[in-house]
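Asks: Numbering (the numbering used here), first residue to last: -11 to 317.
Cβ coordinates follow ideal geometry from the N, Cα and C atoms, glycine included.
The model shown is predicted, which means the values in this text are computed figures rather than measured ones.
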């Protein structure tokens, strides 16, 4: 798997605690995002029937201590969580599930149990069942209610995207980001006819294929990944200030595309869609259309100011974690 990562300060290793009692609450025809805001510590909601099949995405919000699971862009579950405590903060960014182990034990913290472990980094960050005291208390991992962790473990696959954000508000509705727009840029845009790479045969599509587009403002480059494998890249130019954002395609029907916009860095400002936001993104016309051909509900477009090249400076923020066998921590 290709990977892209900004390097700098090392993130703390594993986080442990024994599983805490968990309680599933009834949805009662309420929207999942509404239920998520009302969950008490240790509670979760699970409603897979809202979208029975398709690609999935998990969004973990450190500010609200909530996790929301999307399938085909539709919220189908939500849970309270406990993330990294001060000094062991859970890293922000976009990750993939690298490893799954239902009965994992930590090699770092006295063989402590980490039930339903789903690894996000080889440096010790994972999703797993654990104690939820009602505030960040782990050594960097994301603790989940035992019942929710078991359901999530049974539903996910290796390579699934996990976005870790820190925003004091829920995801908001958004217009499509420019890479997903059908409108071609005007003839005066220099990048309109620039060369780009497009190799979708590197990772053939299937029903549960996960498509992610990572846009690096620092590199002036957009990379398209399907199932974690790069299938295309192109130059991109972004004007104006852009904070780290993830756009999740919620649905696509006769009325057009519907997106959720999630900020995964900073203090949570700028969640509203700025008029003309899409015009700040310039990229080759045909690349735009090729990206459109592989996107579907559940796809995610990540915009980051950071470089995708290893060796850059600043706080570590993983964009796509490398999948390779290493000892469990």
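Across which residues does DSSP place residue 198 in a beta bridge pair?
Replies: Note: residue 198 sits in no beta bridge, so no partner.
Asks: Assuming residue 278 is part of the beta strand (DSSP E), what are its boundary residues?
Replies: Unbroken run through residue 278 is the alpha helix (DSSP H), 273 to 282; no beta strand (DSSP E).
Asks: Out of 76, 129, 134, 120, point me to the one whose CA is closest to residue 103's CA.
Replies: Checked all of 76, 129, 134, 120; the closest Cα to residue 103 is 134.
Asks: My assumption, with CB atoms under 8 Å, is that residue 58 sits in contact with residue 286. Please give the rounded CB distance.
Replies: Confirmed, about 6 Å.
Asks: Can you give me the Cβ contacts of residue 41 inside the same chain, cut-off strictly under 8 Å, excluding the 5 residues immediately before and after it?
Replies: So the qualifying residues of the chain are 59, 60, 195, 196.
Asks: In the DSSP output, which residue or residues are listed as bridge partners for residue 126?
Replies: Answer is 72.
Asks: In whole angstroms, what separates the C-alpha of residue 110 from that of residue 72?
Replies: If I take the Cα positions, the gap works out to 16 Å.
Asks: Given this structure, state the Cα-to-Cα distance separating residue 122 from residue 51, to the nearest angstrom.
Replies: When rounded, the distance between both Cα atoms is 12 Å.
Asks: What are the boundary residues of the beta strand (DSSP E) that residue 151 is part of?
Replies: Element bounds for residue 151: 149 to 153.
Asks: Per DSSP, residue 212 is paired with what?
Replies: 201, 220.
Asks: If you reduce the DSSP assignment to three classes, tell me which class residue 115 lands in.
Replies: The answer is strand: DSSP assigns residue 115 an E or B state.
Asks: Anyone know if the C-beta pair for residue 139 and residue 108 falls short of 8 Å?
Replies: It is not a contact, given that the beta carbons lie outside the stated cut-off.
Asks: Nearest-angstrom Cα distance between residue 271 and residue 247?
Replies: If I take the Cα positions, the gap works out to 20 Å.
Asks: Just the Cα atoms here: how many angstroms apart are residue 116 and residue 152?
Replies: Cα to Cα, the separation comes out at about 15 Å.
Asks: In or out: residue 241 buried (at least 16 other Cβ within 10 Å) or exposed?
Replies: Exposed.
Asks: Alpha carbon to alpha carbon, how far is residue 70 from residue 30?
Replies: About 9 Å.
Asks: Pull up the DSSP beta-bridge partners for residue 241, would you.
Replies: DSSP, once it has assigned bridges, lists 244 as partnering residue 241.
Asks: Return the Cβ separation of residue 23 and residue 39 in integer angstroms, given the expectation that the two are a contact with Cβ distance under 8 Å.
Replies: Their Cβ separation, rounded to whole angstroms, is 15 Å, which puts residue 23 and residue 39 out of contact at 8 Å.
Asks: Taking the straight line between their C-alpha atoms, what separation do you get for residue 225 and residue 16?
Replies: Roughly 46 Å between the two C-alpha positions.
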